[in-house]
Amino acid sequence: MSEKYYISYKELKSPPEYRNVLNKVSAMDLLQLFDVLLLGTALVLSLLSGTCRSQENTCTVMACGNPGLNGLPGRDGKDGAKGEKGDPGIQVKGQQGFPGKAGPPGSPGIQGPPGQKGQKGDAAAVNDIQRQVTALEKNIQTLQADLSKHKKVLLMQGAMSVGGKTFVSTGLPASQDAKLQNDLKELKHRITRLERAFSLNGKIVLAGSKLFATTEKTADFDDTVRLCRTAHGKIAFPMNKEENEAIMSFVQRFDTYAYLGITEGQVPGKFHFLNGAPLNFTNWYRDEPSGKGTEKCVEMYTDGTWNDKQCDKFRLTVCEF
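Using UniProt numbering, you'd call the opening residue of the sequence shown number 1 and step up by one each time.
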């Protein structure tokens, strides 16, 4: 290995001396010196690169490299705590849609408790009946006067002489006497019927040849039958649509159901009037009667339809005359 030379500061001071020293340095020594410088430079660069990686955007000697590509998405994190409910957003009210189809009618509900008694209604119906009674009474008086007059005239016409004796007929021709008697009988019957209806102290409705009245009170079936008989009437039983609507006017007015004069016979599901006559008119609710022997009586709903029911319930009392 060649001899090493150490150059002091003084030896480099003057150019001639510097040249002498350089002459003493061999080519091999220069090569070794270059290797040392190269190694030192690499070491410095390595230190500077580590500084750039450890402190982002703080390189002072040289610029950091370009950022790398984004990695693949990581796994979803756990759900966070539920946040508070936000305020409702601003919404514009939409137009009203078309009405839907009407649903099927529901089953009749359980009868509610009786409501409070309403105020007294108009007395127009009662006044009308009273006027009819007054008119009928006048007709009876007129017919009775006519009958008395006809009797006197016919009595005189019936006088005849036979063999010197005078015979007087005290009767009327059968045709005229029967007609007057029937008219009187009909008028008296109508007045009696009205008086019986008034005895119930309730509402009265006329339907054809029948007169319906209510006590405005409720009772079970047996008590209803008994009360109507006491008033010389019968528990109401409709035999046509007009009579059914007359009874319906009561149940609608008082918003309750009413018993009818109809009961179940020996055959379950077969009903007849109280006098045993078969029904010539019915207005059963859908799928009724359905009791099949367990519901012997019949009630009327507020829409006029019928339903078989136990006889111990309290229903509006409606009689007919």
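Using N, Cα and C, we set each Cβ at its ideal position, and we do this for glycine too.
Keep in mind that this is a model prediction, so the values were computed, not measured.
| task | Within 10 angstroms of the Cβ of Lys78, are there 16 or more other Cβ atoms? Answer buried if so, exposed if not. | result | Counting other Cβ atoms within 10 Å of its Cβ, Lys78 stays below 16 and is therefore classed as exposed.
| request: Use the C-beta contact count for Leu37: other C-beta atoms within 10 angstroms, 16 or more gives buried, fewer gives exposed. | output: exposed
| message | Quick check: Ala246 and Ala219, are their CB atoms within less than 7 Å of each other? | response | One thing to note: Ala246 has its Cβ no nearer than 7 Å to the Cβ of Ala219.
| message | Contact defined as beta carbons within less than 8 Å: I believe Glu295 pairs with Trp306. What is the distance between those atoms, to the nearest angstrom? | response | Not a contact, Cβ separation roughly 11 Å.
| query | For Ile262, which beta-bridge partners are listed by DSSP? | reply | Phe273
| task | Please determine, among Phe34, Phe321, Ser290, Ile90, the residue with the shortest C-alpha to C-alpha distance to Ala231. | result | Phe321
| message | Run through the DSSP bridge pairs and tell me what Ile235 is partnered with. | response | The partner list for Ile235 (beta bridge, DSSP) reads Cys319.
| query | Where Val318 and Gly269 are concerned, what is the direct C-alpha to C-alpha distance, given to the nearest angstrom? | reply | 24 Å
| message | As a quick exercise: from Pro238, Asp87, Lys292, pick the residue whose alpha carbon is nearest that of Phe212. | response | Ranking Pro238, Asp87, Lys292 by Cα distance to Phe212 puts Pro238 first.
| Glu216, DSSP secondary structure in three states | strand
| query | Taking the DSSP output, what are the residues bridged to Asn307? | reply | Glu299
| query | Count the other CB atoms within 10 Å of the CB of Phe34; is the residue buried (16 or more) or exposed (fewer)? | reply | exposed
| task | Within the same chain, show all residues whose beta-carbon is closer than 7 Å to that of Glu243, passing over the 5 residues directly before and after it, in chain order. | result | Once the five neighbours on either side are set aside, the close Cβ partners of Glu243 are Ala207, Gly208, Lys210.
| task | In the DSSP assignment, find the beta strand (DSSP E) that holds Ala207 and state where it starts and stops. | result | 203-207
| message | Tell me the rounded alpha-carbon separation between Thr170 and Ala178. | response | Residue placement at Thr170 is flagged as unreliable, the pLDDT there being 47, under the threshold of 50; the coordinate-derived value follows with that caveat. Their backbone Cα atoms lie some 15 Å apart in a straight line.
| Under a Cβ-count criterion, where at least 16 other Cβ atoms within 10 Å of its own Cβ denotes burial, should Phe98 be classed as buried or exposed? | exposed
| message | When you compare the CB positions of Glu299 and Arg315, do they come within less than 7 Å of one another, or not? | response | yes
| query | How many angstroms separate the CA atom of Leu227 from the CA atom of Val251? | reply | The straight-line gap from Cα to Cα measures roughly 18 Å.
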